[in-house]
Amino acid sequence: MWDVISRTDRYAEWVAGAIEVTDHHGVTTVGKTYAERNRTLGPLKTDLVWTVREIDPLKRRVDTGTGFAPLQDVTNTFEFRPVQSRWAHLMTTPDVLLRSEASRIAL
């Protein structure tokens, strides 16, 4: 599983909202970016740019993203927990702020 998730060029294969990866650097590397075209709400689409911030191989990866307007400070954390000898549980945790004209609202 880590072999797929650690490759930025394969992101659209396993992320439901990702239509295509438009720019990538292959194997995830801290500080590198990758871009994708995503479905957001209904027919709306957006172009996103992600930066790989943290990697703990086979355990955890943290990426931050831009291009989600009106969302700000988007962070996606991938965490792996062993379930059986040949399987792993993947949990993704998005953390975003919604920016409005009047205030920032945490989601």
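Residue numbers (the numbering used here): 173 to 279.
The C-beta atom is built at its ideal place from N, Cα and C for all residues, glycine as well.
Computed from a predicted structure; not experimentally measured.
> Comparing alpha-carbon positions, which option in Q244, L230 and V221 lies nearest E192?
Replying inline: V221
>> Distance check for L230 and D195, CA to CA, integer angstroms please.
In response: 24 Å
> What is the DSSP secondary structure of V176, reduced to helix, strand or coil?
Replying inline: helix
> To the nearest angstrom, how far is it from the Cα of A184 to the Cα of M173?
Replying inline: 14 Å
> Buried or exposed: V199, going by 16 or more other Cβ atoms within 10 Å of its Cβ?
Replying inline: exposed
>> Less than 6 Å between C-beta atoms, sequence neighbours within five positions excluded: which residues of the same chain meet that for T223?
In response: T205 and T236
> So, is E226 buried or exposed, given that buried needs 16 or more other C-beta atoms within 10 angstroms?
Replying inline: exposed
> Can you give the Cα-Cα distance for V234 and R253, rounded to whole angstroms?
Replying inline: 15 Å
> What residues in its chain sit with their C-beta under 7 Å from that of S275, if we drop five residues either side in the sequence?
Replying inline: Because S275 sits at a pLDDT of 42, beneath the cut-off of 50, its placement in the model cannot be relied upon, and the following sentence gives the value as read from the coordinates. None.
>> Looking at chain C, is there any beta carbon in it that lies within less than 7 Å of the beta carbon of Q244?
In response: Absent from the structure: chain C. Only one protein chain is present.
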